[in-house]
Structures are given as structure tokens and as C-alpha cells.
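Peer 1:
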Amino acid sequence: MPAYKSTWLAQALESVRRQTHRPLELVVCDDSRDGRVQALVEAFAATAGFPVHYSRNPARLWETRSTARAIALASGEYIKFLHDDDVLHDGCIAALVDAFARAPEAVLATARRRLVDETGAQLPDTPASAFPRRDLLLDGHDLVDFLADRTLNFLGEPSAVMCRRAPLLAMGDDLPVLDGVRVTWVADLALYAKLLRHGPAAMLGAALVDFRVSRQQFSQIGRDRPGVGNPGHEAFRNGIRALGWYRGDRDTRLVAAAPLDRSAPAAPLDLVQALEDAHATGLAHWHKHDWQAQRRLTAAQRPLFGAQLAQLPAMPSLGVLVVPDARAPAGLDATLSSLAANAPSQARIELRVAGDAALPADAAISAQPVPWNADATAASLNDALAGWDVDWLLLVEAGTTFTGSGLLRLLPELALAGDLQALYADEWYRDDDGNIAPVVRPDFNLDLLLGNPSAMAGHWIFRRQAVLDAGGFDPAHEGAVELDLILRLVLQHGISSFGHLPEPLLAGAPPRLAEAAQRAAIARHLHERGYAAATVASAGPGLHRIDYGHEAQPPVSIIVLAGDALAPLERCVLSVLEHTAWPHYELLLVDRGAPPALRQWMDQVPPLAGGRVRVVDAGAGTSPAAARNLAAQSAAGGFVLFLDADAAVLDAQWLHALLNHGQRPEVGIVGAKTVSADGTITHAGLVPGLHAGDGRVFAGRPMDAGGYMGRLQVAQDYAAVSASCLLVGREVFDALGGFDADAFPDHGGDVDLCLRAGAAGRLTVWTPDALLLHVVEDTPVDASARDALHQRWLPAMARDPAYNPNLRLDVPGGFELDESALSWHPLPGRPLPRVLAQPSDGHGSGHYRVLQPFAALHAAGMVEGAASARALDIVEVERFAPDAIVMQRRVGDADIARMSRLQRFSPAFKVYELDDWLPDLPSRNLHRRHMPRDVAARLRRGLAHADRFVVSTPALADACRGWHADTRVAENRLDPRAWTGLPAPPARKPGAKPRVGWAGGISHDGDLALVADVVRTLAGEVDWVFFGLCPERLRPYVAEFHPGVPIGQYPRVLAALGLDLALAPLEDHPFNTCKSNLRLLEYGACGVPVVCSDLEPYRGELPATRVRNRHRDWVEAIRMHLADRPASVAAGKALREAVHRDWMLQGAALDAWRRAWLPD
5 MPAYKSTWLA
15 QALESVRRQT
25 HRPLELVVCD
35 DSRDGRVQAL
45 VEAFAATAGF
55 PVHYSRNPAR
65 LWETRSTARA
75 IALASGEYIK
85 FLHDDDVLHD
95 GCIAALVDAF
105 ARAPEAVLAT
115 ARRRLVDETG
125 AQLPDTPASA
135 FPRRDLLLDG
145 HDLVDFLADR
155 TLNFLGEPSA
165 VMCRRAPLLA
175 MGDDLPVLDG
185 VRVTWVADLA
195 LYAKLLRHGP
205 AAMLGAALVD
215 FRVSRQQFSQ
225 IGRDRPGVGN
235 PGHEAFRNGI
245 RALGWYRGDR
255 DTRLVAAAPL
265 DRSAPAAPLD
275 LVQALEDAHA
285 TGLAHWHKHD
295 WQAQRRLTAA
305 QRPLFGAQLA
315 QLPAMPSLGV
325 LVVPDARAPA
335 GLDATLSSLA
345 ANAPSQARIE
355 LRVAGDAALP
365 ADAAISAQPV
375 PWNADATAAS
385 LNDALAGWDV
395 DWLLLVEAGT
405 TFTGSGLLRL
415 LPELALAGDL
425 QALYADEWYR
435 DDDGNIAPVV
445 RPDFNLDLLL
455 GNPSAMAGHW
465 IFRRQAVLDA
475 GGFDPAHEGA
485 VELDLILRLV
495 LQHGISSFGH
505 LPEPLLAGAP
515 PRLAEAAQRA
525 AIARHLHERG
535 YAAATVASAG
545 PGLHRIDYGH
555 EAQPPVSIIV
565 LAGDALAPLE
575 RCVLSVLEHT
585 AWPHYELLLV
595 DRGAPPALRQ
605 WMDQVPPLAG
615 GRVRVVDAGA
625 GTSPAAARNL
635 AAQSAAGGFV
645 LFLDADAAVL
655 DAQWLHALLN
665 HGQRPEVGIV
675 GAKTVSADGT
685 ITHAGLVPGL
695 HAGDGRVFAG
705 RPMDAGGYMG
715 RLQVAQDYAA
725 VSASCLLVGR
735 EVFDALGGFD
745 ADAFPDHGGD
755 VDLCLRAGAA
765 GRLTVWTPDA
775 LLLHVVEDTP
785 VDASARDALH
795 QRWLPAMARD
805 PAYNPNLRLD
815 VPGGFELDES
825 ALSWHPLPGR
835 PLPRVLAQPS
845 DGHGSGHYRV
855 LQPFAALHAA
865 GMVEGAASAR
875 ALDIVEVERF
885 APDAIVMQRR
895 VGDADIARMS
905 RLQRFSPAFK
915 VYELDDWLPD
925 LPSRNLHRRH
935 MPRDVAARLR
945 RGLAHADRFV
955 VSTPALADAC
965 RGWHADTRVA
975 ENRLDPRAWT
985 GLPAPPARKP
995 GAKPRVGWAG
1005 GISHDGDLAL
1015 VADVVRTLAG
1025 EVDWVFFGLC
1035 PERLRPYVAE
1045 FHPGVPIGQY
1055 PRVLAALGLD
1065 LALAPLEDHP
1075 FNTCKSNLRL
1085 LEYGACGVPV
1095 VCSDLEPYRG
1105 ELPATRVRNR
1115 HRDWVEAIRM
1125 HLADRPASVA
1135 AGKALREAVH
1145 RDWMLQGAAL
1155 DAWRRAWLPD
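According to my numbering, numbering within the sequence shown proceeds without interruption in unit steps and concludes at 1164.
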């Protein structure tokens, strides 16, 4: 361990103590200049239990020489590097030693590393850190060729690597030396290349190291100053070639790779593609972890949460019973630790542990052991429950962990449970590699529970008294005791007695598939409901198909609206007549003014169909909804089935499948599965709020796909199904008044009918067992129908019980996790205003005017809510339920139309935000060409739908005078979290020229042109430093150019430039007159003195040197600063003090932003 930082050293040392491999020794070479490293190491050595050798370097050796010295002092056969800010996972060393045992020819072994930040929070994988996902052995010579062309360290930083000591010892102090040159920035690759010439690399797919990314690292200079490491990379590539190690006669993308277990021979691997694929996979996994990691209380929310919880009824007690799981024999500690770490202080949790597993001596939460018989789980559960004085009961398996967000949201749910007898939450399924998959469930869905109990019936939280009243867990249903209990509670209390917490509460292994036990429990339930002839068959692993065994075969009237084309109608009619096994049906063809040839064909069909077919005249011009109602009035069947003319029957049992559910008394409407000719799904139920694809879930997926949670394979309840094939009982249809032909003459009537049926207490069921062919045109529902649905059903569409608020509504087919913040509302009772902040971009004005103020208000506990760049649909807005919506710079047709709909359907307070005078951009502003010519009219149209207009400066408010009755000014400020504690500039070399800089982007070329001649004039006197933009015409005069960086890095990179003076030129133009003093604030926060244009944005009390936009004035002002360096430094300090005192986003300034965004 070459140590020089003490910040995270204790964590690094403890990770060594937790290693399962023995024997080991720890050698620390201390490169620091104080005694903190020594004190930590000596304290650790006293209790380590293995040899710890500490040595202070006689002089500063830096990383590689300090490492070489530690190697010389070591005695082990293997060297495991560890830097002082990284952390080894418990089995890291053992796994790497095992890798050498499995591949003795390997010259180095490396594990995938997990990137973490300064707090230990996981960061997303980079292209260098995600590979591999499985254990591999990679050819050493091929790797050297690859790295010589692509200097990317995917092998891992030293903390991820283990080597044999002997070859390292032979290198002495020259670990990173290639061809006599000491390689910097990629010194680790230089060492690896020297080893790889002699053998392969063993790479482990498991992440066994936490590699910390912090500002204390030397490598932070490379992040702050892009390109600074290029010479080191070049030295590495040149050294490989100079030594003759680069073969150059092959495609270096291809590297010979074999499984480490030798289960297959080595084969060429396209390593570039493999790195890209691994990165994509890694990002997908990280997004899920990050989604969960975002769901925590802020420091400001914690007291609010406690205060709100105190206002609720008395907190009930929760009994958690941990049962053994053979898949996680050592998992008990993880379960207990997660509960102890995440349980809020207000929780009343009692813990019992079943079985003979030893309770951890240092467990942070107390637990009572209870007996367990794996062959008699129901009896064991009943014994554990007896005499346990708790209000609620939850069963979890050892190894399953609790989430903090789930426990937070569970407490108010239990306190407000009312008459609920049980509830369940969402969860994560976790595989052996730590990858997680979300299981976000619908609200209680009886048919989905019966069809896929494995996904729906686990980890329920039962009211203890309800369990006792039901007779406890039934020993007759071993393997499905929870499912059986739930189904008995259904019969005793009804489906309204169950609650759903749409928040992941647990993370654990997927459930075992006890199919036979599940089928037995389901069959008993069905028989008790009166379905004596019901049978339960397999629909796939863990999935079930129910035949309710109805004896009756009621007549069905199939209603088909004839269009204008003969071919699809003919196919539809023939498919029904030829492929329908149901004995009692009639087919009604509805004529709404068909062409003569089509009508002639329709008249010819009834005589040929044996009395099954009738023609109904609805009259030309009759709407589809009215025509369906008219046909239903003349229908003879007890059930009516509406079928599109361009649909075709594929399976003879289709009506059997529909009526299997349609004859159930609780069911009102049944829909079918339809597919297109190319085998993709066109209908599998409707989520009406899913505005992408008009609500059609899973649309476009392959017809044999399983679907999210197996939902394409089993019957389930949906809010609506499509009229392309819709079965409804005649009595139900009549009671509902049929389709609402006035509100929905053409489209949307099917959704409305189903929602009215649901409001009347009837289920709408979709079944995959009725399969039809149906092509759906990719045309959206017309605006009038959509508005009518929103007018009548917006709350129901936003809170669809068949969907989940954690899932997106804007992706075709649905069932993808939404942005975490859009569904994370942890404070019960809404004590804070909820704000939806919608920036126009994620940088520049979007950052300063929307994202930054929102983040500051949120962190201060002044608002809750979310910032999202996605333009949310009205259903998404209703689901989010904001008190205020901030919309920035919306001038597109779609934006204005959306704002109109928000005004109509959302009660939220609407704020229109603008920070630039868009009607008159300077001629050299690159955004000018993209700005609509009628932008002023567009702005006013958008403002007509807003409650308030917020601008950045008084000058901009004056320019927009008369545009809105409530116009407010919210001045730009800097976020103290980003603009304080900035790094000191690097030490200056003696005799170096003064560093004079300018920062700007592509929209500032006109401003920069004002000082172009100044740059040329002073090029011999100063080092010009440009950041963000540097036109080619000025490149010869600029000493340093730094390209733009992400906005989050901008403050530190700007400070790291080490400027002695900064320029802020502004072109004299109405656009600039309306701008703010933001650039002056940014320079000032870094303590850099400023020479700026003497224009309105830069006038005021901030200390700066203001000049007229004349060449002579600029040159004189710059030389004045350079001539009196102490005075210039003092001016920079004065500006910094003023900015930090008066222009930070805190205190009264932050409250002013809150007032600007919220109603008075």
C-alpha cells in the first residue's frame, strides 16, 4: 500500500482485515508528510491479526517508487496492490489467488472494479470499468497490441490487480519505465505491458474492488484539465513500439480469449465491441441501483418526516420473521444489517429468526430465535406467530435485504391502513452476481395473482389478527402457504381489503417455483368460489391457466362494422365462420353506407351462413359508436362481442377463452390478444394513460414474448381493452348505456366503456388464450377523443391500478422504470409545495435558471418535487400532482399546445421562465438561425397559458412589458455547493507570463470578436487562456485552449485555470442589454479580477474594471492590472467577497426564488 492520504485509509485497512484469505501481510510505505497515516496504520496493526509492516519513505517517492519500495519490503509470493482510498470486497484476495491457481500461466489477475464517489455511493461504469461480465483469460501479446493502439485501462487500476512478486522485484524502481522513459498518467499500463509480454491476464467478472473517484487524487488534475495526460499516453504508445513489442500485422481489436474455467477453447474476441457491450450492460445495471439510491430523505426532509409521522395515528408494530433459505446460508447477517441500517427511528419492529442459525454477536438489532421445521413450514409459522403481540406480520428469507425507501414509506401506510387486512410492496429480484431487476407490481389484481402467484403472492404484510381469524397458515398447502392465506382472505374480506405500496421494500432472490402447491391452493380457492369443475393447468414455469369449467354455453352476438373495403371484411367473416367452435353465436354485419359492391356481398352472405349472419342497417354517416349501440339493440345473444372488420380469428377456441372469463359474475368485459401478420403484438390490454402507442401495452413485442412479470402469458385485470375484440355481457352493456356516442363517436369509446364498468364494480379481463390477427394503424387517437377522456377520466388514467406509478407512460408498450424523482414522494401529508421544474436544457440557462434553483430549494427543505427535462404529458402531470410547474423557454408548436392542455386540465400554478431576449439575437449568435422568426408571438401565446412570467433581469422585464400581468424578476445566483471550496490554482513557474482568460460558448462569438485585436496585440505579453470556445482565427495567439466540460465540472475547471485576469466583453446589442451579470459572478467566485464591457448587465456594485468597447480601452485596462499585480489580486479578492456575500443562492435570495415560483 503506497499511502499518502489519510481520508479513507481506515476504510481501506478494514477491508484488508475482512479478507477471507490467509496467510497475508500488509506493507505500508508512507509518502505523507504528517503523522496521520502512521497513527492509523499503527492502531490498525495492534488488532489486525496478521503482520503489518509500516515504513515511512525517507523522501517523497510518489506512487510508483513508493510501490516499488513496498514490493522490496514484502515477503509474499503474490503482491496485491491497494491504494489508500480504495476498498477490497471481502473475498477479493481469495478470488484473485484462485484465479492464479486456475490459470498458472497468467502473469496478472484482475477483478472488475466498482466506481464510488467520495461518500462511497456507486457511480456509473465507464467504458474502462464495465468489462468483463464473466471470468476470462486474455492473451498477453494480443493485449499489448490492443493497448498500443487504444490506451484505455480496462484492466483496472492497481487496487484491482494482483501479480507475482518475483517479476516485479526484478524491475526495481523501473515499474513504469518503457525504453528508458518513465511513463506518467498511465504508469499502471506500462507495468502491465511489461508483464503481459510473458503471459496472459486472468480477468474476473465479479466487481471485487471499490475504486474511489475523488478530488484528492492526483488524477483529478486530468479530469479538471482535459488533455493534460496526453503526453503520458503518447510515451506509452511510443515505448511499446520502440521496444519492438507491437506486432502491427493484425487487427488489434481481436484478442484471443478463453473462459477461465477452460470450458471452451480460446477464440478471437472483438475487444472494442466487448467493451462497448459491457459498458451498455453496466450502465443499465447502474441506472437501477441509482434509481434506488436516489430514494432517500434529504437532511432537510428528515425532521419534516418525523413531524408528519407524529401527526398520524399511533404507529402499529411490525413483526418480521426471518426464515432460512438454503440459497443464502450466510445471508442472515445481510438481512439483519439492512433492517438495522434502514429502519426509521419511529418504526416499531420486532424481529424473530427461525431456525438454528447463530445470531451475529455484533448485530445492531435484537432478535428472538424460534424453532423451524423445513418440512412443516405452516406449523412452524403458526408456532412463531402464537403469542407474538404484534399488529402486522412479514415473512422474509435470510439473505433478503430491506430498502430504506420501502421502510420509510411503509410506516405511514401501516399507520393509515384502516380496514386493510394485508398489503404488499414492490421489490427487486437479485441474482448471484448482484444484478437487480425491478418487480413493480400493479394494485391488487385477482387474475394476475391466480395466473402468476410467484410474482404476486410473496412477502405480503398481513394483519396478525386477520391471520389468526383465518385459522393461520394451512399445513395442507406446504410450499404455497402465503398464497393460500391470501386466497382465503379474498373470500373472507373481498379484494378491497388489500393495499399496495408502490415502493420497493425488499431485494432478494427470485421466488422458488412451487407449481404443484400453487395449483392446489388455486384449485381449492376456485372450488370454494363455486367453480366445482374448474381446473388449473400450466401456462409456463410458475404460471397458471384457469378453466372455470362453466356448464352454460350462452349465445353470443358478434358485431362487425363494415368499412369501405371488401377484402378485410370477407377475411374477417370467413375466419369467424370457419374457425369458431362455440356452438351458439350469430354474426351481425353493420352497414354504415357501404359501397354498392360491398353491400351486395353482405346481402349474399346470410343465405350461405345457415342463419348465423344478419345485416343491420345503421345508415350512412352514423358514427361507429352509435352503429355499435344500434346493432347491440338488435342482438339476440346474452353476450355481445364487438369485432373489428380487419381482425381475423386464428384459433377455434377463441370464444371459449373469452367466455371462460365473461361468464364470471364479477367480470364485465373481456378482451383478446391480437397480433399482426409479422408476429408482433398489437393488443395485450390497454393502460389508457400510456400516451405512447395509445395505451397498448407490449405493442410491437414478439407474440411469443413472456412480457414483464410474465404478463403476456396469463389472464389479468386491466383498466380497459380495445374494441377490436371486446366481449361484454348484454345486461352489463345495457346497464352502462352502451358506448357514449356523443362524447366518443369515433375513438376512445372502448376505454370509456371499460372505465365505466370498473366504476360500477366490474372487472375488465384480458386473456392471452383468445388469439386473433389484427393490424393496428399507427395513428394516434384524435385530440377531441383524448380530451374527452381526460375531461372524464384523468385521475383514473393517472392512477391506473393495472400499472404502477414507478413506470413510464411515454414509451411504446410501457413497463420501463421512470425517472426516480417523479415517483419519490416520501413525506406523508404533503407538508411542502410540490414543484415540477422543466428546464429547456441541462446546461447554461436550464442549469442556472431551473435546475440549480430547484436543487437548492429542495436541499433546503423549502419544496419537494422533481426536475425533468422531459415534457410530461397531462396524464404524467396529473400522476405527479404538482402544486407548481416551471416551464422554461417553450416556443415550439408542441410546447405551446401542451401548455394549453396544462391550463385546461391541471390545477397547478404555471410559471413561464425566460432569461434571454429571444426576439432579437445578435447576428453572430449561432442560435439565431434556429430561432423562429415569429418568436415574440410564440412567447406571448405560451404566456397566455401561464399564471406568472419570471425573467432574469429588470431590463428583460422592461423589454417584455405588457406581455403578462404578473411578471417577476428572479436574478441569477450561484449555488454555494458548487462555487465554494474551489481548488487553489496550481503553482506558477518562475518567470511565467500572466494568464489572461476568457470563457464562453458558441453563442458568444460576437462578444469575443470585440477583443480579437486585443488578443493579437497582447499575445507577446500574456498567456491567453480560452475555455469553451476558441475560433480558428485566434488559435495562433492563444497559449491554452480548454474545451467545454459538463456543467457539473465547470466551476472547478474554471478555478483550476489559475487566471490572473479574466475578460467579459459584451457586444452592445438589445439582446445583451437584457442579459445578467452571470459571467462576472462566475469569475468572481474564483477570485479572478475582471475587465468587462461597460454595459447594463455588468454595471452595479460588483467591483470590476469597466471599459468602453474600444481596442485602446481594453488594452489599457489589461496593462493596468498587469502593472500592479498586488492591486489586481486585491480586486479579485474583493470581487470574490462580494459574490460570496451577496450573490449566492441562499438565505433571502433563495426565498425570493421560492416566492417567484409559487402562488402568493
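Where is the CB? At the ideal position from N, CA and C, for every residue including glycine.
Below 8 Å on the Cβ atoms is my contact criterion, and I expect F913 with D951 to pass it. Report the Cβ-Cβ distance as a whole number of Å.
Peer 2: About 5 Å separates the two Cβ atoms, so the contact holds.
Peer 1: For the beta strand (DSSP E) containing G1001, list its first residue and its last residue.
Peer 2: R999 to A1003
Peer 1: Per DSSP, A870 forms a beta bridge with which residues?
Peer 2: L840
Peer 1: Pull up the distance between the alpha-carbon of D1164 and that of I889, whole angstroms please.
Peer 2: 15 Å
Peer 1: Quick one: any contact between the stretch 841-851 and the stretch 792-812, if contact means 3 or more CB pairs under 8 Å?
Peer 2: no
Peer 1: Buried or exposed: which applies to D1146, given that a residue is buried once 16 or more other Cβ atoms fall within 10 Å of its Cβ?
Peer 2: exposed
Peer 1: Can the beta-carbon of Q856 be found closer than 8 Å to that of P980?
Peer 2: no
Peer 1: What residue from R944, A982, S1007 and N346 has the CA that sits closest to R933's CA?
Peer 2: The shortest CA-to-CA distance from R933 to any of R944, A982, S1007 and N346 is the one to S1007.
Peer 1: Run the CB neighbour count on A599, radius 10 Å, all protein chains shown included, and call it buried at 16 or more, exposed below.
Peer 2: Position check: residue 599 holds Pro in this sequence, whereas Ala was assumed. Exposed, because fewer than 16 other Cβ atoms sit within 10 Å of the Cβ of P599.
Peer 1: Taking only the alpha-carbon atoms, compute the straight-line gap between R883 and V374 and give it to the nearest angstrom.
Peer 2: 44 Å
Peer 1: Whose C-alpha, out of V485, P269, G683 and G817, is nearest the C-alpha of V691?
Peer 2: G817
Peer 1: Residues in its own chain within less than 7 Å of R40 by CB, not counting five upstream and five downstream?
Peer 2: So the list reads S10, once near-sequence residues are dropped.
Peer 1: In angstroms with no decimal places, state the Cα-to-Cα distance between A271 and A344.
Peer 2: 48 Å
Peer 1: Are the beta-carbon atoms belonging to A635 and V580 less than 8 Å from one another?
Peer 2: No, they are not a contact pair.
Peer 1: Sorted by chain position, which residues of the same chain lie with C-beta nearer than 6 Å to E670's C-beta, five sequence neighbours on each side aside?
Peer 2: L767
Peer 1: Measure the Cβ-Cβ separation of Q126 and A825 and say whether it is below 8 Å.
Peer 2: In this structure, A825 does not lie closer than 8 Å to Q126 by Cβ.
Peer 1: Would you say G243 and V187 are within 8 Å of each other, going by their C-beta atoms?
Peer 2: yes
Peer 1: For M166, is the classification buried or exposed, using 16 other Cβ atoms within 10 angstroms of its Cβ as the cut-off for buried?
Peer 2: So M166 counts as buried.
Peer 1: Starting from the Cα of D756, find the closest Cα among T130, A724 and A996 and give me that residue.
Peer 2: A724
Peer 1: Tell me the DSSP secondary structure of S500 in three-state form.
Peer 2: helix
Peer 1: Given that a residue counts as buried once 16 or more other Cβ atoms are within 10 Å of its Cβ, and exposed if not, what is P269?
Peer 2: It is exposed - the Cβ of P269 has fewer than 16 other Cβ atoms within 10 Å.
Peer 1: Buried or exposed: M207, going by 16 or more other Cβ atoms within 10 Å of its Cβ?
Peer 2: buried
Peer 1: Based on the DSSP output, what are the partners of G323 in its beta bridges?
Peer 2: E354 and L397
Peer 1: Roughly how many angstroms separate the alpha carbons of R977 and W983, rounded to a whole number?
Peer 2: 10 Å
Peer 1: Taking the alpha-carbon positions, what's the Y82 to A484 distance?
Peer 2: 51 Å
Peer 1: Taking the continuous beta strand (DSSP E) assigned at L1067, which residues delimit it?
Peer 2: L1065 to A1068
Peer 1: So P263 is in the beta strand (DSSP E); what residue range does that whole segment cover?
Peer 2: L258 to P263
Peer 1: Quick one: what's H548 bridged to in DSSP?
Peer 2: S542
Peer 1: My understanding is that R64 touches C33, with C-beta atoms under 8 Å, so please give their C-beta distance in whole angstroms.
Peer 2: Going by Cβ atoms, the distance from R64 to C33 rounds to 11 Å, so no, they are not a contact pair.
Peer 1: If you reduce the DSSP assignment to three classes, tell me which class G714 lands in.
Peer 2: helix
Peer 1: Closer than 6 Å by C-beta to R790: which residues in its own chain qualify, once you throw out the five before and the five after it? Chain order, please.
Peer 2: Here the set comprises nothing.
Peer 1: For the stretch 1087-1156, list the beta strand (DSSP E) runs that are entirely contained and at least 3 residues long, ordered along the chain.
Peer 2: Taking only runs of at least 3 residues, the beta strand (DSSP E) segments lying wholly in the stretch 1087-1156 are 1094-1097 and 1109-1111.
Peer 1: Straight-line CA distance for A624 to L759?
Peer 2: 29 Å
Peer 1: Within 10 Å of its beta-carbon, does Q604 have 16 or more other beta-carbons around it, so buried, or fewer, so exposed?
Peer 2: exposed
Peer 1: What is the C-beta distance between L1084 and V1094, in whole angstroms, given that I count them as a contact (C-beta under 8 Å)?
Peer 2: Their Cβ separation, rounded to whole angstroms, is 6 Å, which keeps L1084 and V1094 in contact under 8 Å.
Peer 1: Would you be able to state if there are at least three C-beta pairs under 8 Å between the stretch 740-753 and the stretch 625-633?
Peer 2: Judged by Cβ distances under 8 Å, the stretch 625-633 makes contact with the stretch 740-753, as three or more pairs qualify.
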